[in-house]
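Engineer: What follows is a structure written as structure tokens; I'll ask about it next.
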Amino acid sequence: MEEYVKLWKSLGLDLDSHEVLLNTLSEFYEKIFLSQPKRPKGMKYFDFVISEVHGLRIKELYDARKEGKVVVGAFCVYVPEELIYALDGICVGLCAGAEIGYEEAEKYIPRNTCALIKAFMGFKLAGVCPYIECCNIIVGETTCDGKKKAYETFNQITNGKVYVLEVPHTKSKEAFELFLKEVYKFKDKLEELSGKKLTLEALKKGVAIANAKRKALSRLEKLRAFDPVPISGLDALLIEQIAFYDDPVRFAEKVNLLCDELENMVKNKQGVVSKNTPRILISGCPFALPNWKLHHLVETSGAIVVGEESCVGKRYYNELTDDSFSSVEEGIEKIAIRYLKTHCACFTPNNERLDDIKNMFKTLKADGIIHYSLQFCTPYMFEAYKLERDIEVPYLKLETDYSLEDIGQLKTRIEAFIETLKE
Ligand code: BJ8
31 MEEYVKLWKS LGLDLDSHEV LLNTLSEFYE KIFLSQPKRP KGMKYFDFVI SEVHGLRIKE
91 LYDARKEGKV VVGAFCVYVP EELIYALDGI CVGLCAGAEI GYEEAEKYIP RNTCALIKAF
151 MGFKLAGVCP YIECCNIIVG ETTCDGKKKA YETFNQITNG KVYVLEVPHT KSKEAFELFL
211 KEVYKFKDKL EELSGKKLTL EALKKGVAIA NAKRKALSRL EKLRAFDPVP ISGLDALLIE
271 QIAFYDDPVR FAEKVNLLCD ELENMVKNKQ GVVSKNTPRI LISGCPFALP NWKLHHLVET
331 SGAIVVGEES CVGKRYYNEL TDDSFSSVEE GIEKIAIRYL KTHCACFTPN NERLDDIKNM
391 FKTLKADGII HYSLQFCTPY MFEAYKLERD IEVPYLKLET DYSLEDIGQL KTRIEAFIET
451 LKE
């Protein structure tokens with residue numbers, strides 16, 4: 031511990047606030063995760079990762095930087111991590127999922143900004159995020175208005191560390207050309223930072239690492255289609271969150287090990303809940319760590335979450351990059367194609383998202399959908415209305431944030447919704 035404290039100090043963290051955060055996190059974790067019955071043994075690794083999320087992993091990042099590796103922070107699944115791995119870099123997610131530093135954040139951004147943005151600003155301003163401090167570069171993107179404007183301020187408060195990747199808002203041919211150019215520019219930036227040139231062999235390696243990670247997550251998703259379900263939604267969500275922090279090769283290996291165990295459970299007809307427990311698909315905004323609020327509410331109200339149509343979820347692992355390329359240029363084009371198959375609500379039109387939700391609902395054998403929008407998230411709030419009109423299956427639309435104030439009200443609505451699924 032002493033070694034970690036030295037490390038946090040050298041990164042400029044506010045040690046008192048950081049300690050409060052770690053204590054709260056471990057208290058919540060114990061209550062929410064460790065109290066779940068019948069957890070698969072393979073979850074031990076992920077419990078360990080969480081217990082070391084500000085310890086060992088930060089030490090790894092710190093040491094990697096000393097060895098000259100580039101640590102890239104990102105907020106969005108449009109950031110092509112294949113390129114980062116190809117150039118021996120590390121990619122970490124910087125979105126935050128707890129109400130910290132809001133007061134400070136509100137000195138820089140409007141009060142009615144979504145919780146995700148307010149939290150990443152707050153984490154930085156409160157001095158509690160060692161990930162932000164470990165990064166050589168922080169990649170922002172032009173997705174929603176809130177993020178675009180917040181990155182201008184974030185750049186100032188991180189002393190110019192922010193690089194902005196331009197993400198188009200339509201799926202036209204011209205938009206693709208623009209994004210392809212952006213992928214090239216990002217490659218150039220990474221080459222400059224790493225001092226390495228992207229080769230075909232390196233690009234193949236980068237694509238293979240990202241594909242293996244996404245494949246492992248897809249394998250996990252498929253196992254959630256069984257009844258009884260072999261893993262809780264909370265545990266699956268945790269793994270999807272850890273995907274943005276852990277070493278990708280080690281992570282894929284551990285997810286696959288867990289899947290071996292879950293496959294055995296399925297064979298033996300074992301599950302974490304009894305057969306015919308109402309099954310919920312959650313769709314909407316991402317769940318940044320440690321945002322476990324909605325899953326916890328659903329799973330303590332007599333249902334089980336079987337999937338996340340979310341960027342911390344299916345939108346992250348749905349598509350693989352086609353690895354049948356024979357030049358760097360062809361590989362980069364395949365990467366751009368892969369990323370523009372992500373159906374974020376920031377795009378218009380975005381009808382493919384509805385198809386994705388319908389497919390997930392069917393393949394995961396869900397009984398109902400809960401649409402989750404963070405308050406003030408205009409893109410997802412708009413799509414929530416559209417879905418309500420088009421989806422034709424049991425559907426509940428929720429708007430919330432990271433606070434605990436609305437827990438009682440949400441629980442009542444969720445319980446009532448689950449009751450209707452039993453009828
Ligand atoms: S690809 S979902 S990770 S942009 S919740 S900040 S949209 S106001 S996070 Fe996202 Fe990339 Fe899209 Fe996914 Fe804005 Fe909404 Fe806040 Fe959001």
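Per the numbering used here, the sequence shown starts with residue 31, numbered consecutively. Ideal placement from N, C-alpha and C gives every residue a C-beta, glycine not left out.
(1) CA-CA distance, Thr307 and Leu324?
(2) Please find out if some non-hydrogen atom of ligand 1 comes closer than 7 Å to the beta-carbon of Leu404.
(3) How many whole angstroms separate the CB atoms of Cys159 and Leu91, which I take to be in contact at a CB cut-off of 8 Å?
(4) Please indicate yes or no: does the CB of Tyr108 lie closer than 7 Å to some heavy atom of ligand 1?
(5) Do the segment 366 to 385 and the segment 337 to 351 make contact, defined as three or more Cβ pairs closer than 8 Å?
(6) Compute the Euclidean distance between the alpha carbons of Glu270 and Ala255, then round it to the nearest angstrom.
(7) Would the beta-carbon of Leu146 be found less than 7 Å away from any heavy atom of ligand 1?
(8) Just to confirm my understanding: we take Tyr161, look at its own chain, exclude 5 residues before and 5 after, and list those with CB closer than 7 Å. What are they?
(9) Closest by CA to Glu435, which one among Glu129, Leu52, Glu418 and Lys36?
(10) Tell me the DSSP secondary structure of His48 in three-state form.
(11) Give the secondary structure of Thr393 by DSSP, where H, G and I count as helix, E and B as strand, and everything else as coil.
(12) How would you call Leu267, buried or exposed, if buried means at least 16 neighbouring beta carbons within 10 angstroms?
(13) Relative to ligand 1, is the shortest distance from any of its heavy atoms to the C-beta of Lys177 smaller than 7 Å?
(14) Buried or exposed: Tyr115, going by 16 or more other Cβ atoms within 10 Å of its Cβ?
(15) Touch check for the segment 276 to 287 and the segment 405 to 419: three-plus C-beta pairs under 8 Å?
(16) Counting along the chain, where does the alpha helix (DSSP H) carrying Ala255 start and finish?
(17) Short of 6 Å in beta carbon distance, which residues of its chain neighbour Tyr410, apart from the five on each side in sequence? Order them along the chain.
(18) Got a sec? Which residues, its chain only, sit under 6 Å from Asp397 by beta carbon, not counting five neighbours each side?
(19) Where DSSP assigns a beta bridge to Gly103, which residues make up the other side?
(20) Are the beta-carbon atoms belonging to Glu166 and Val100 less than 8 Å from one another?
(21) Pick helix, strand or coil for Ser313, following the three-state DSSP scheme.
(22) Let me check you understand the geometry: is the CB of Thr54 closer than 7 Å to at least one non-hydrogen atom of ligand 1?
(23) For Val303 and Val335, which I take to be in contact (beta-carbon distance under 8 Å), what is that distance rounded to the nearest angstrom?
(24) By DSSP, does His325 sit in helix, in strand, or in coil?
(25) Just to check my reading of the structure: Glu207 and Tyr108 have Cβ atoms closer than 8 Å, yes? What is that Cβ distance to the nearest angstrom?
(26) How about Tyr75 and Lys203: do their beta carbons lie closer than 8 Å?
(27) Where do the ends of the beta strand (DSSP E) carrying Ser27 lie?
(28) Taking Leu37 as part of the alpha helix (DSSP H), name the residues at either end of that continuous run.
Structural biologist: The relevant details are as follows:
(1) If you number the sequence shown from 1, residue 307 lands on position 277. If you number the sequence shown from 1, residue 324 lands on position 294. Rounded to the nearest angstrom, the two C-alpha atoms are 17 Å apart.
(2) The residue you call residue 404 lines up with position 374 of the sequence shown. Yes, the beta carbon of Leu404 sits closer than 7 Å to at least one heavy atom of ligand 1.
(3) Within the sequence shown, residue 159 is the residue found at index 129, counting from 1. Within the sequence shown, residue 91 is the residue found at index 61, counting from 1. Incorrect: roughly 12 Å between the Cβ atoms, too far for contact.
(4) One-based indexing of the sequence shown puts residue 108 at position 78. Correct: Tyr108 has its Cβ closer than 7 Å to ligand 1.
(5) yes
(6) The count along the sequence shown starts at 1 and reaches residue 270 at position 240. The count along the sequence shown starts at 1 and reaches residue 255 at position 225. So the alpha carbons of these two residues sit roughly 16 Å apart.
(7) On the sequence shown, residue 146 is found 116 positions in, with the first residue counted as 1. For ligand 1, at least one heavy atom lies less than 7 Å from the Cβ of Leu146.
(8) Here residue 161 refers to the residue found at position 131 when the sequence shown is read from its first residue. Cβ neighbours of Tyr161 beyond the five flanking positions: Gly103, Val122 and Leu124.
(9) As a position in the sequence shown, residue 435 is number 405, starting the count at 1. Here the closest residue by C-alpha is Glu129.
(10) The residue labelled residue 48 in the question sits at position 18 within the sequence shown. In this structure, His48 counts as helix in the three-state DSSP scheme.
(11) Taking the first residue of the sequence shown as 1, we reach residue 393 at position 363. Looking at Thr393 - three-state DSSP - the assignment turns out to be helix.
(12) Along the sequence shown, read from residue 1 onward, the residue named residue 267 stands at position 237. It counts as buried.
(13) Taking the first residue of the sequence shown as 1, we reach residue 177 at position 147. Answer for Lys177: yes, Cβ within range of ligand 1.
(14) If you number the sequence shown from 1, residue 115 lands on position 85. It counts as buried.
(15) no
(16) Taking the sequence shown and counting its residues from 1, the one referred to as residue 255 is at position 225. Careful: Ala255 lies outside any alpha helix (DSSP H) and carries neither H nor E.
(17) The count along the sequence shown starts at 1 and reaches residue 410 at position 380. Answer for Tyr410: Gly314, Cys315, Ala375 and Ser403, listed in chain order.
(18) Within the sequence shown, numbered from 1, the residue matching residue 397 stands at position 367. Contacts found: Pro308, Arg309 and Leu451.
(19) Here residue 103 corresponds to residue number 73 of the sequence shown, with the count starting at 1. Paired residues: Val122 and Ile168.
(20) As a working note, residue 166 is residue 136 in the sequence shown. As a working note, residue 100 is residue 70 in the sequence shown. Inspection of the sequence shows that residue 166 is occupied by Asn rather than by Glu. Result yes, Cβ atoms of Asn166 and Val100 sit closer than 8 Å.
(21) As a first step, residue 313 is located in the sequence shown; it is residue number 283 there, counting from the start. Reduced to three states, the DSSP call for Ser313 is strand.
(22) On the sequence shown, position 24 is the one that residue 54 refers to. The answer is no for Thr54.
(23) Residue numbering aside, residue 303 sits at position 273 when the sequence shown is read from its first letter. Residue numbering aside, residue 335 sits at position 305 when the sequence shown is read from its first letter. At roughly 11 Å, the Cβ-Cβ gap does not stay under 8 Å, so Val303 and Val335 are not in contact.
(24) Within the sequence shown, residue 325 is the residue found at index 295, counting from 1. Note: His325 maps to helix in three-state DSSP.
(25) Translated into positions along the sequence shown, residue 207 becomes position 177. Translated into positions along the sequence shown, residue 108 becomes position 78. Incorrect: roughly 16 Å between the Cβ atoms, too far for contact.
(26) Along the sequence shown, read from residue 1 onward, the residue named residue 75 stands at position 45. Along the sequence shown, read from residue 1 onward, the residue named residue 203 stands at position 173. No, these two residues do not count as a Cβ contact at 8 Å.
(27) The requested residue 27 is not part of the displayed model; the chain covers only 31 to 453.
(28) Counting from 1 along the sequence shown, the entry for residue 37 is found at position 7. Run containing Leu37: Glu32 to Ser40, per the alpha helix (DSSP H) assignment.
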